[in-house]
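Participant:
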Amino acid sequence: MQDHLRHRLNVRAKERWPQLARVQVRFRSGFAYMAGELPGEDEPLPLCRLRFTGVLHTWVFALYLASRGKYEDNLLPAGLPIGSLEDCMDCACYLYLGDQQA
Numbered sequence: 001m002q003d004h005l006r007h008r009l010n011v012r013a014k015e016r017w018p019q020l021a022r023v024q025v026r027f028r029s030g031f032a033y034m035a036g037e038l039p040g041e042d043e044p045l046p047l048c049r050l051r052f053t054g055v056l057h058t059w060v061f062a063l064y065l066a067s068r069g070k071y072e073d074n075l076l077p078a079g080l081p082i083g084s085l086e087d088c089m090d091c092a093c094y095l096y097l098g099d100q101q102a
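Following this line, the structure appears as structure tokens:
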């Protein structure tokens with residue numbers, strides 16, 4: 001499952017977020033922590049934390065708050081705290097990178 005998750009997020013990054021060189025995903029205590037690698041930057045940009053709900057393709061979303069240096073459960077644009085990997089990634093990237101397709 002971990003390799004599948006990494007693959008899906010990196011495919012989405014190539015499709016929608018070309019300014020990301022790569023998406024890093026690390027797993028710890030039932031969470032998947034997503035960070036984006038930006039060209040020319042030494043440190044990856046923390047984006048969000050995902051928690052699997054047990055339901056296929058549904059994840060609980062927590063946004064990384066740079067001002068607090070921690071992750072906080074948050075709502076996606078649809079108004080729910082859960083969504084697909086792509087929904088979660090798009091929300092975090094939009095907030096940190098801006099809408100590149102607008």
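The numbering of the sequence shown is full-length UniProt numbering, which starts it at 1 and goes up by one. Note that beta-carbon positions come from the ideal geometry of N, C-alpha and C, so glycine has one too. Quantities reported herein were computed from a predicted structural model and do not represent experimental measurements.
1. Pro-77: which of Ala-66, Met-89, Tyr-71 sits nearest, CA to CA?
2. Per the DSSP calculation, Cys-48 is bridged to which residue(s)?
3. Is Leu-85 closer than 7 Å to Asp-8 when the C-beta atoms are compared?
4. For Arg-28, which residues does DSSP report across the bridge?
5. Decide if Arg-49 is buried, meaning its Cβ has at least 16 other Cβ atoms within 10 Å, or exposed.
6. For Arg-22 versus Glu-41, is the C-beta distance shorter than 7 Å?
Facilitator: Taking the definition as stated:
1. By 1-based counting over the sequence shown, the position of residue 77 is 77. Looking at the Cα atoms, Met-89 is the closest of the given residues.
2. Residue 48 sits at position 48 when you count from the first residue of the sequence shown. Looking at the DSSP assignment, Cys-48 forms a beta bridge with Met-34, Leu-63.
3. In the sequence shown, residue 8 corresponds to position 8, counting from 1. In the sequence shown, residue 85 corresponds to position 85, counting from 1. Note that residue 8 is Arg in the sequence shown here, rather than Asp. Contact: yes.
4. Sequence index remark: in the sequence shown, residue 28 carries index 28 (1-based). According to DSSP, which records beta bridges pairwise, Arg-28 is partnered with Phe-31.
5. Against the sequence shown, residue 49 aligns to sequence position 49. Answer is buried; the Cβ neighbour count reaches 16.
6. Against the sequence shown, residue 22 aligns to sequence position 22. Against the sequence shown, residue 41 aligns to sequence position 41. No; because the gap between Cβ atoms is not below 7 Å, this pair is not in contact.
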